[in-house]
Ligand SMILES: [Zn+2]
Ligand SMILES: [Zn+2]
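Numbering (the working numbering), first residue to last: 46 to 265.
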């Protein structure tokens with residue numbers, strides 16, 4: 046099918062809206078029609094060259110939409126389901142997933158390559174050129190095809206512009222605050238900075254928590 050997507054051809058240039066060709070979903074894959082997507086700073090890292098990527102790449106890893114079709118063997122979702130994308134695929138069955146550490150799922154091993162998980166090929170094309178997809182999602186598009194491990198069904202009627210934020214920003218902010226910053230129930234905190242994460246947090250006890258995952262103090 047024909048659809049539209051925002052493509053980054055090389056760092057230092059702007060995202061470009063392109064008319065692309067999208068293959069139907071193959072084994073274990075789903076076709077999603079996008080309804081909302083968030084802008085994460087990771088996309089800006091790619092655009093300005095801070096983080097390498099497999100070009101040309103369709104942006105977007107924080108999105109919500111509706112499943113339009115599924116390939117053979119898909120069991121976790123079906124046509125009509127409203128979903129959010131997970132910015133890291135998780136299978137629910139590998140050792141990391143079984144331990145509740147879905148952020149380390151085996152299926153994410155090739156996440157920087159931006160190609161389909163099961164066969165390493167591309168579903169997104171522009172002429173003879175294969176396009177990669179950010180975080181195996183590529184939701185800066187009207188439609189995308191991803192592995193079912195990259196989608197999470199949500200309740201019907203959930204506002205997509207809110208649901209999409211749980212795909213990266215909310216989960217990353219939670220992990221940064223609770224696991225890196227040590228914030229606990231009852232703490233008074235200030236979030237300084239905008240976006241899903243904030244940049245620096247101060248607690249009521251004056252402990253300062255950096256935003257980069259370094260824990261500066263755990264004593265209470
Ligand atoms: Zn993100
Ligand atoms: Zn897994």
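All C-beta atoms in this analysis are idealised placements derived from N, C-alpha and C, irrespective of residue type, glycine included.
- Between residue 181 and residue 134, the gap from beta carbon to beta carbon is short of 8 Å.
- Membership of residue 167 in any alpha helix (DSSP H) is not indicated, and neither H nor E is assigned to it by DSSP.
- Going by C-alpha positions, residue 170 is about 27 Å away from residue 206.
- Judged by pairs of C-beta atoms under 8 Å, the region 225-236 does not touch the region 157-166, as fewer than three such pairs exist.
- Within the model, the alpha-carbon separation for residue 141 versus residue 153 is close to 11 Å.
- Spanning the alpha carbons of residue 165 and residue 210 requires a straight line of approximately 28 Å.
- For residue 70, same chain residues with a beta-carbon under 8 Å away, outside a window of 5 residues either side, are 76, 114, 115, 116, 119, 168, 190 in chain order.
- In the DSSP secondary-structure assignment, residue 129 is bridged to 109, 197.
- Within 10 angstroms of the beta-carbon of residue 179 lie 16 or more other beta-carbons, which makes it buried.
- In this structure, ligand 2 has a non-hydrogen atom nearer than 7 Å to the beta-carbon of residue 152.
- With a cutoff of 8 Å on beta-carbon distance, residue 65 and residue 50 are scored as near each other.
- The set of residues whose C-beta lies within less than 6 Å of a heavy atom of ligand 1 reads, in chain order, 85, 87, 106, 107, 132, 213.
- If you check the CB distance, residue 82 and residue 105 come in under 8 Å.
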